Each structure stands twice: as C-alpha cells, then as structure tokens.
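Here the structure is laid out as structure tokens; the discussion comes afterwards.
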Amino acid sequence: MEKSQLGLIEQSFNVKYSDGVREALDELPDSFTITDPSIYGHPIVYASWGFLEVFGYSKNEVIGRNGRVFQGPKTNRRSVMAIREAIREERGIQISLLNYRKDGTPFWMLFHMCPVYSEKDGRVVHFLGVQVPILRRRKSLGGGIGRKGGVCHDGGNCREAVYRCCRREVCSNSIMGVDRAVSVDSVAGLDHTDVDVEGPCEASDQEKTKAIVIVNNIMSVLANYSELRGRLVNDKRCCQSVTSLLSSSLTISFGRIKQSFVLTDAQLPDMPIVYASDAFLKLTGFLRHEVLGRNCRFLSGEDTDRGTQLQIKQCIQKEQPCTVHILNYRKDGTPFWNFLHISPIRSASGKVAYFVGIQIEDTSEARGKQGLNPEMRHRSVVAAVKVAVRGWSMGASTS
Amino acid sequence: MMLKIKRVPTLVSNFQKDEDEIGARGVGCGRNCLRNCCLPGSKLPLYAFKNLSYGKFVADETMEPPVDFLESLLLGEWEDRQQKGLFRYDVTACETKVIPGEYGFIAQLNEGRHLKKRPTEFRVDKVLQPFDGSKFNFTKVGQEELLFQFEASDEDEVQLYPDAPIDAEKSPSVVAINVSPIEYGHVLLIPKVLECLPQRIDRDSFLLALHMAVEAANPYFRLGYNSLGAFATINHLHFQAYYLAVQFPIEKAPTQKISVTGARVKISEMLNYPVRGLVFEGGNTLEDLANVVSDCCICLQENNIPYNVLISDSGKRIFLLPQCYAEKQALGEVSPELLDTQVNPAVWEISGHMVLKRKEDYEGATEANAWRLLAEVSLSEVRFQEVTALIFEAIGLSVEENEHAPEGSPEDLDVTPPQPMEEIDGLSTHTTMVPV
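If you're matching them up, the sequences are chains Y and E in order.
For the first sequence, the UniProt record's numbering assigns the number 1 to the initial residue and increments by one for each residue that follows.
For the second sequence, the UniProt record's numbering assigns the number 1 to the initial residue and increments by one for each residue that follows.
If you want it as structure tokens, here you go:
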C-alpha cells in the first residue's frame, strides 16, 4: 500500500475521534470493521480483534483493503450487489453472507452494515460493518412450500432485514456480558470443515438481534469519542439542509478517478467547489478544506491571461465544454501551465447541475508519453463523472 | 403463416438511413465505411485484453489511465463522439428516475429516440435468418462511429495500440457507438464485423462479450443481447452495452438454484420477477461459463425460441430470458394500452430499464405498470418449464429435485419455519424498540 494511502487511513480515524477510541474499540469482543467511503477504494480503516480472530488475518493485512477480499467463489452475488446498493443509497442493511477466512475456508455470517453520520454536516463519514457468525442448524426440508408461493425476500432483499441503527437507550442497556459469552469463542469452536456453502443460511432472530445490539454498542463508543473531539458522529443523519452535500456513493465513484479534477456546483452562487480529487490537492498543494466552498479562480494569479479567463466564463454561461491552456498558481506561489478542460454535467433531471474541471499539468514530458493522450484523459474523466452523477441523482430526483 | 409485427426501427447508425439520403463524397463510396471501397489504410485503436485471466494494466503513474483501462478508452472515445455531435440527442439531457417500489424500476423519458417515420414490418417467427447484405449492416457504418477494436492479446498483459491498422484479413471485432443511446456510453460490440455473421450466438462471440464485461471491471457496465423475434432489429451479430450506475430490478430478483454443471456453473431460476428466466454463475473458468450459456442460447435459437441475454455484475452473473411478446403482438394478443406505450420489451426493458416515449407514460410510470408489461413478455410457467427441460437436455443436465438434495435447499428462500427464539435476558425485546 502507498504511504499516502496509509496516511489518509490514519487521518480518517484520528481527526474524527479523540485519542483512546482505538483502545476502547479494541476492548469490544465482537467482529467488526469500519470503512471510509471518502478514500480511494473504500478501505477498511479499523478492524476489531474479534474480526482478525474470526478471519485469521493480521491487522496489517486487513487495513487499507476493501471488504470484498473476504468474499469468494461461493459468495452469493445477489447479496454482494445488495450491499453495494445499500452503500450507494447510504442506508443500513442486514444480510447473510458467505465469507472466507485467510486459509480459504468459507463460513456463514450475518453482516450488518450501517452508515455513521457526521453530526456537523450530515455527511456519511464511515460505514460500520458487524459480522455475527451464524451457527448452522440443519434446515428442515420445508416440505410443501410452493416454488412461487412461499417466497420470502430475505437474503437479497434488504427491506425486511434493514434496521436503522438504534437509539441510545438501547445501547445503554448493557448486554456486554451476553455478547462476550457467545461471540468469538463459539466461532473458534465451530467445526468449519463441513460448511454447507451451497444452501441458504438464514440467521436466527437471536443472531439478528445480536447484530443490532453490537452495532448499538459500537455506535455509542464512536459517539462518545467523537463528542470529545467536538465532531459528533451519529447513527442518524441530523441535518438535511446541506444542498451541496455529496453522498458517499458519489465520493466512492469519484475516488476511482485517478486524475486531478474538481466538481463545482452550478446551482450555488459563484459556483463553489464541492469535490476535489486527491490528485488535484497533490498538484496544487492545497488541503481539501482550503478549496471546498471556493470558486476555482483562486488558482489564477498575476500573469494569468485575462482573455483565457473570459473564454472560460463564456463557455460556462453557454453551458458548453471548453479546453484551454491557462497559467495557474500552486499554494506555494509557483506557477504551472494547466491544460484545463471544463464540461457541464447534467443531473438525472436533464439540467446542468455541476461543472467538472480537469487539470493536466502541461509539461513536455507528459506530451511524449505513451498511453492515453491528454485530450482522451480529459474526456474519460468527464464521462466517468457524468455516469456517476446521473446514476446518483436518479434516485434523488424522485423525492 | 408468417408472423410479422410493424414497428419503427431505431437508428443505431447515422448511415442506417435510406440509401439515397447519403450523398457520395470523397474516396470510396464516400461514407468512409468498412467495406472494400473505403477500408484500405484505415486505422482504429486496438484494445487487446489479457487472454487467460483478468489482469490490470500496470504502468508508471503518469501513464496510468484515469479509471480502469477499458473504461477510460470506451468513455473517452464516446465523449469524443458526443462532442463531435454524432449522436441524435444528448442522452444526459433526457430526464430519468427510479420509480418508487420494491424493485426500483428505472424510467427514462426519451422523446428524441423515436423516429417520426412510418413503421416497417418485421418478421418475428424466425429466430435464425440468413444474413442479407442488401439490408443495413455494420459494414456500412462510417468509421467515425467506431471506437476501437477489441481482441485477445498475445501478450501477458493488456495492450493498447492507438493507431492500429484495421486488418481485413483478421476480421476484427469492433465497438461502435449507438447513435440513439438509451444511456451514457451506449455501444455495440460487433464480433468479427467483416464476416457478416447473422444475429445468432456462437461460443466464441459470446466469450468475447463476456470478456468485455470482465475487462470493463465496472458492475454498472452491462452487456445485452436480443435475438431476432425478441426485438433485435438488425440481423448482423451484435451485443449492446452501456453504463447506468444503479442496480437493475432483475439483479434484485430472488433466485433458486436448480442445477450445477460438471464445470461448476450454477444454474438458477428467477423467482418473483415478472419475466421468468435462468441465471448462470460461477464455473471453473470464464470459458466454462461462456460455453454453458452459449450452448443454452444455441439450443433456444435452434428451437426457434426468441430470447434475451443480460451479462451483469462484471460478467459474474448472466440472465437468460426466453420471451414471447412479439409473437403475442403479431397474433393480436397484446392489449392496445400496452401497445400504445410503444415500449419494445428487449433486454434492457426486461431488466427493468424502461425507455418511454410519451411524457404521460413517464409521469404516470408505476411499478405495477412496468410489471404488467413485463408479465406479457414472459413465457407461462408451464411453457417455461418445458423450455428449461429442453435446454437442460441439450446441455446434458437434469434439474435437481429438492427432496433428493438436502444440501441444495432453495437458495435465498426462507423455507424454514421460524426458529424458536432462545431466551436470553434483555435481548428479546430489542427488536421492537428499533425504529425501522
């Protein structure tokens, strides 16, 4: 893993919670992970001891990886898609899932995932995933249930099994003792040589309830330690008023794009930046919070050509794409030639909602390189952003 | 009796107009097409995928593509054609929404796709028809509508040749734009374009399509296939594909495993979805999966049963859907209200993505309406079981009987009576306290 990625992962946790949060989470016996959707690849930023024990990995092998590495050939694809969809829609899900340990042995678990919101701006800062191993019972053969008749949507359809993360009262009912008794030890004791990976595995009500209880426990730890930091996290989205809020599904899609670009909100006054890619921050030397909410013109300076700036302005007014070479300045004041492409981005309603700006530093060596040429890179990014925004806003437009 | 339906064909190419509309200009026939008149000396980017297993293109940072390699190429070239104005409309300006409901059907209002043209007659009772060079086919498209060539690499890694010659001897497989896109990135994959294969699935072509799904490495990029009689309008072998970053309703349908082949391809039946169909997953190799599915398709087309195919989840799940809508339509068995919507239930509609031509249909779109239309597309339960038996016979499999297969109790089905809740103090009451 790259150093910068590890740094982001450290930060992901440390800026949101006060010291001691890891220690407090380490105390919990359960198997769970915390992931950060704003980092490229939606990696795991925390894994509990219980998780490492159940899955047979060391901490270093798990941090920075995406949860999909624990899936295998027999993992139900529909369930995987249902989880992906829940992340996209930023909602909770509880679903049976076949996972694989490091040694390749599969086992069934009840996976309960839910978003962790920032109380400040309602953004999803993390996803919490709890894994409750399912103790298999022999299925009765369920005689007489018709093929179409007795269909229950459990398993892939999330509606029934989704619980919002629970209230604090629930957390305060300490059930720690119960959990300790059943969680890790019982798994270690399971004979996992004979797992029926084919059949469905329905968790019992008890297991389902247990997952909820564990989630509540962890949420209250996270809430406590974020309170001390002054950035409260919550199990419910508190402020819905933030119009320029980008959902974590968009952030995940954008995180895939390894290129300097920013997204500006066409509906807000002076078109502020609502997203800046890591490559943009690297290129310009700014920190994310220094650019979000600002208009892009801070990149221009003394020797920036006014005509070029005007040209950009006119294209934006006409909602047309434009490509220019413009002299920009980094945070440290050093200038660079920016081969800039700007394009309008429509939401699912068909109206221009954003503009994307893609920066490629104009150097002679970049020109001579093999691979995709700069013009093609511009267009690839425009296209990837269009696909992401359209998909994301389709659900949003109906409300 | 010959069964026919009347419909207005969708233009997939700007060269699919009446011959006299296109004036001759420049060299060759003047259209810069793919035939002998224009082909010599032509170049087109070539994307060569790693043949054996899925591998990523690795290079130094400045060479690394913005997104996965095939996606960067496909989307970049598509956006380029958009900026050049080759499409009949900007599909991102077409309003679209997820219809509220359990499955989340997707509706798009597309008033520009529909040609104001008189309908043409289509024969719908023959799934296999010989190629007819006098009709529109993809050798007639202009080269500007082609995005790249797509083939297996001889090397151990993905290769991109930006200026590869189009070698007529090798009959390249090409990816072309659909000038009437139903979503962003709508393209056509045309296997061995110069061989002029009719619309019929064969093992190699299907494997190529599956490779494309794997290479794209994005679960929101899906490929689809319509046989003749199941709303294919061009009898020249092609698959379609586009990007849509939401889950399709068909992908949410519960399934029940019915068999596993020797090569470990799992075959399931969809449950609780308006169109009955089979789902294929797994297999020891990608080729195993491709072979089982293409053998099933071959069985259907040889038995003159129209069908649609959806390649989903980056090639990990394939849906096969025999259908009978066109036949019903030709026999006058479809209600006028459904016909009035002019929705042609091809693979995308069956998957739950409805492209609507009238504003009133878009605004009044409900899950019940979508369901009603798709229910007409489906084979009846009896006919579906017959067709499944036919397919299984062709690929030498038998349907697993549930009573003989305690291990294979129906997947995702809750056939278990509710488990008695073991009493643990303080636990049993929590469920009800949770706000749902």
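We put the CB at the ideal spot given by N, CA and C, even for glycine.
Values in this document were obtained by computation on a predicted structure and should not be read as measured data.
Query: Below-9 Å beta-carbon distance, S248 (chain Y) vs any chain E residue; Result: no
Query: Residues that G185 (chain E) contacts on chain Y, provided the C-beta gap is smaller than 8 Å; Result: A383 and V387
Query: Residue nearest to I83 (chain Y) in terms of C-alpha spacing, selected from Y:K120, Y:S38, Y:V130 and Y:V21; Result: Y:V130
Query: With 16 other Cβ atoms within 10 Å as the buried cut-off, status of L6 (chain Y); Result: exposed
Query: Segment contact, 8 Å Cβ cut-off, at least three pairs: the segment 143–161 of chain E with the segment 120–131 of chain E; Result: no
Query: As assigned by DSSP and simplified to three states, the class of I267 (chain E); Result: strand
Query: Test: M81 (chain Y) CB closer than 9 Å to a CB of chain C; Result: Among the protein chains in the structure shown, which are Y and E, there is no chain C.
Query: Reduced DSSP category for S393 (chain Y) - H, G, I as helix; E, B as strand; rest coil; Result: helix
Query: Residue ranges of each alpha helix (DSSP H) within the segment 322–407 of chain E, 4 or longer; Result: 325–330, 336–340, 347–350, 359–363, 367–377 and 381–394
Query: Pairwise C-alpha distance: N373 (chain Y) and residue 486 (chain E); Result: Residue 486 (chain E) falls outside the range modelled here, since chain E spans only 1 to 436, and no answer is possible.
Query: DSSP state of N216 (chain Y) mapped onto helix, strand, coil; Result: helix
Query: Through-space distance from R383 (chain E) to F392 (chain E), alpha-carbon basis; Result: 14 Å
Query: Residue(s) in a DSSP beta bridge with A209 (chain E); Result: Its beta-bridge partners do not exist; DSSP assigns none.
Query: C-alpha gap between V151 (chain Y) and I106 (chain E), whole angstroms; Result: For V151 (chain Y), the pLDDT reaches just 35, beneath the cut-off of 50, and the residue's location in the model is therefore unreliable, leaving the point undetermined.
Query: Rounded distance between the beta-carbons of V221 (chain Y) and A24 (chain Y), thought under 8 Å; Result: 5 Å
Query: Which residues DSSP lists as bridging T209 (chain Y), in chain order; Result: According to DSSP, T209 (chain Y) bridges with nothing at all.
Query: Length of the line joining the Cα atoms of C315 (chain Y) and C38 (chain E); Result: 37 Å
Query: Among E:D163, E:Y243, E:L46 and E:D204, the one whose alpha carbon lies nearest that of L286 (chain E); Result: E:D204
Query: Residue-level contact to chain Y via CB, E144 (chain E), 9 Å cutoff; Result: no
Query: Given 8 Å, three or more beta-carbon pairs between the segment 377–397 of chain Y and the segment 229–241 of chain E; Result: no
Query: E302 (chain Y) versus I360 (chain Y) - alpha carbon distance; Result: 20 Å
Query: Listed by chain order, chain E residues near P73 (chain Y) by CB distance under 9 Å; Result: R264 and G282
Query: Beta carbon proximity, K50 (chain E) to chain Y, threshold 9 Å; Result: no
Query: Those runs of the alpha helix (DSSP H) which lie wholly inside the UniProt domain "PAS" (17–90) of chain Y and span at least 4 residues; Result: 21–27, 49–55, 59–62 and 77–88
Query: Cutoff 9 Å: A348 (chain Y) Cβ touching any chain E Cβ; Result: yes
Query: Nearest neighbour of I326 (chain Y), chosen from Y:Q320, Y:I342 and Y:R123 [CA to CA]; Result: Y:I342
Query: C-beta neighbour in chain E for residue 407 (chain Y), strict 9 Å; Result: Residue 407 (chain Y) is absent from the structure shown; chain Y starts at 1 and stops at 399.
Query: Host beta strand (DSSP E) of D295 (chain E) (start-end); Result: That residue, D295 (chain E), is in no beta strand (DSSP E); its alpha helix (DSSP H) goes L286 to E302.
Query: Chain-ordered chain E contacts of I214 (chain Y) [CB-CB under 9 Å]; Result: Here the premise fails: no neighbours, minimum Cβ distance about 11 Å.
Query: Burial state of E95 (chain E) (16 or more Cβ within 10 Å); Result: buried
Query: Exposed unless 16 or more other CB atoms sit within 10 angstroms - verdict on residue 473 (chain E); Result: The question about residue 473 (chain E) has no answer here: the residues shown for chain E are numbered 1 through 436.
Query: Proximity test, Cβ basis, 9 Å: N373 (chain Y) and chain E; Result: yes
Query: For V275 (chain E), three-class secondary structure by DSSP; Result: coil
Query: CA-to-CA distance, R123 (chain Y) to E349 (chain E), given in whole angstroms; Result: 34 Å
Query: Which listed residue (Y:R256, Y:L246 and Y:C296) has its alpha carbon closest to that of P269 (chain Y); Result: Y:C296
Query: Secondary structure of D185 (chain Y), DSSP reduced to three states; Result: For D185 (chain Y), the predicted model reports a pLDDT of 37, less than 50, meaning its position is unreliable and no value from the coordinates is stated.
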